[in-house]
Structure formats: C-alpha cells, structure tokens
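K.L.:
So the sequence shown is numbered by our numbering: it starts at 9 and just counts up by one. All residues carry an ideal CB built from backbone N, CA and C; glycine is no exception. Please find one structure pasted underneath; my questions will follow.
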Amino acid sequence: MIYKKDANFPYPILTNTSNSYDNCSFILDINLEENTNEYIFEINYDITSPFIEKLLQNGQATLILIIQSKDNKFFNLEYGQKTKSISKSRISLSKRTTIQLFIQSNEEINFKNNYDLSSFYEEFKDEIYVPKNSILGFSNSVVFDGSTNKPLELFEKKVNPNLKSDVKIELGSETIIINYKNESLQFTDLPRSSTFNNPYVYMGLQKALYRFIVNNSEDHECVDLEEIEPPNDGLDFKLYNLMRKKKISELNIENIDEVIYSISDKMLEKYTAAVRGLYSNGN
C-alpha cells in the first residue's frame, strides 16, 4: 500500500512529516523513460538519517520500490541502485500511478544507537526492538499520469502576429502557453534566449497557480496540498507533482511568489545574471 499520511506505528518511523526523527527526511524524486519493452525508472532519493543509511549500507535493511496502479507491485532495490527497468508486461501506466519507497528491516533492529531520534525517545530507545520485515520509513509519494499527451512539457511557445498585446499567457489543458506577437520578443538572436524569457515564464506560473487555487479549493484562497487528491486537470496535475516534490504543503493567494521561487530553481536570479552578463559583454 501507499502511505499518503503518517500512519500509527508502535515504534519510530522515518518520514518527511513525522516528529520521531530530528531534522531527518526521506525525499524521493522519479524520472520516467521508456523503450519498446520496458519502463525505466530513474530513482533519486535522499535519506538524511545516518542510522537508517548505515542499516541499508550494512544490509540490515532494504529499499523497496512500490508502484501502485491497478494493483500494488513491489521491487527490491540494491543499495545505491538508481535505475529500475521493468517490463511493460508486468505493470501498466495507462492509469494514474503512484510510486513510493519503503525501508524494510532484514533482521530485528535495536534503536539503542539511533542518535537521530527526537529527545522524546532518549530515555527508552535502547528498549525499542523492531521485528524483521518491518517498515522503518517511507518517502513522499510521486504520481504519474500515463494518459497525458505531454508528460514532460510544462510550457509551450507560439508566435501570433494578430495579438492585441506583445505577449499573452494562456492556460491549456496540459501546458502554459506563452504567445508572442513576433519572434523578436523571444530573444532568439541572443545566446541565452531561454533565460531572457524567464519573466514570461514567471507570469505564466503566477497565472497557472492562481487557477490551481480556484480549481482545487472551496474558498478560492487556499489549497492544502497534503489533503487534496491529485487533480484531474492535466496542467494542475503537473503543478501538483512539482509542488509536492519540493515539499510544499500549502498554496494560497499570499504565498504564490514563494512557491514559484521554490519550484523554479532561481529563475529570476538567472535572468538577472544573464542581463548583467549581456551588459558586461557590451562594455
């Protein structure tokens, strides 16, 4: 099964939201490729608990990849394994698919030397024994929608000389469309043209995130991303995945710019550097 929220366990569990561990997390990101016969999952994860990491390294625990589509599929991963190829005859991504990583114990584990736990466990952690084949932690979940036509594309650029403005942002069913009145507005004659388009990208994200709030909340002001189901709208679905990967739990009218900063990899900072570089080269 997939855990979307913290479940009750009789011992400490490593998750991204649990209070059992101090300043520890278990973050998962998945990239998907495919060929004729296989789905190829590129698995990137970050476990910041040295105790758990050592258990995996020593073979006392195992990483398990869970793929939930029509049913649940479980695949063991070797320590350090970052790619998993799975035959298309074994799984189907034609429907919405959720992926998560579990950490499972291979033997009975004592938490006496687990110095990553919160202070609550300090006086009795040496009495904590976790049985073999128990879950020690689980990551965030990553959702794919096999029905999208453009699963990796968030933005489209088009030229429309009939525009009544220089630039027009439209929200399509799966992408944010930036329409330009003429091609020169895209800075295509400059070496870093894509970076010079970042202000338009920023505008598009603002508009798309505002619509996300309207589509996915009753008050049109705030969305609790940990409570809602993944949206059915293709563009909203992509934005939902992007925000959840960055551990954003809430989107509201007031924090849209903060969310853009978190999901856009210093977009405006790169734009500023490109402009300054152009100025320096001109001099």
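#1: Can you find the residues in the same chain that come closer than 8 Å, C-beta to C-beta, to D232, ignoring five residues on each side of it along the sequence?
#2: Keeping to the same chain, check which residues put their C-beta closer than 7 Å to that of L276; ignore five residues upstream and five downstream.
#3: With a CB to CB cut of under 7 Å and the five nearest residues on each side skipped, what residues in its chain are close to A281?
#4: Are three or more beta carbon pairs between the region 122 to 133 and the region 80 to 95 nearer than 8 Å?
#5: Determine which residues share a DSSP beta bridge with N187 and list them.
#6: Using 9 Å as the threshold, is the C-beta distance between V151 and N24 below it?
#7: Sorted by chain position, which residues of the same chain lie with C-beta nearer than 7 Å to S95's C-beta, five sequence neighbours on each side aside?
#8: Indicate the three-state DSSP secondary structure (helix, strand or coil) for F110 in the structure shown.
#9: Tell me the residue span of the beta strand (DSSP E) that contains Y123.
#10: What residue ranges within the region 17 to 104 form continuous beta strand (DSSP E) runs of no fewer than 3 residues, ordered along the chain?
#11: Just grab the DSSP bridge partners of D231 for me.
#12: Express the C-alpha separation of E164 and E178 in angstroms, rounding to a whole number.
#13: Quick check: what's the CA-CA separation for D300 versus S201?
#14: How should P239 be labelled, buried or exposed, when 16 other C-beta atoms within 10 angstroms of its C-beta is the threshold for buried?
P.N.:
Quick look at the numbers:
#1: S257 and E258
#2: N206 and Y210
#3: none
#4: no
#5: K166 and K176
#6: no
#7: N45 and E46
#8: strand
#9: Here Y123 belongs to no beta strand (DSSP E), and DSSP marks it neither H nor E.
#10: 34 to 42, 46 to 55, 69 to 76, 80 to 85 and 91 to 95
#11: Checking the sequence shown, residue 231 turns out to be Val, not Asp. The partner list for V231 (beta bridge, DSSP) reads L259.
#12: 10 Å
#13: Any property of residue 300 remains undetermined from this structure, which presents the chain solely from 9 to 291.
#14: buried
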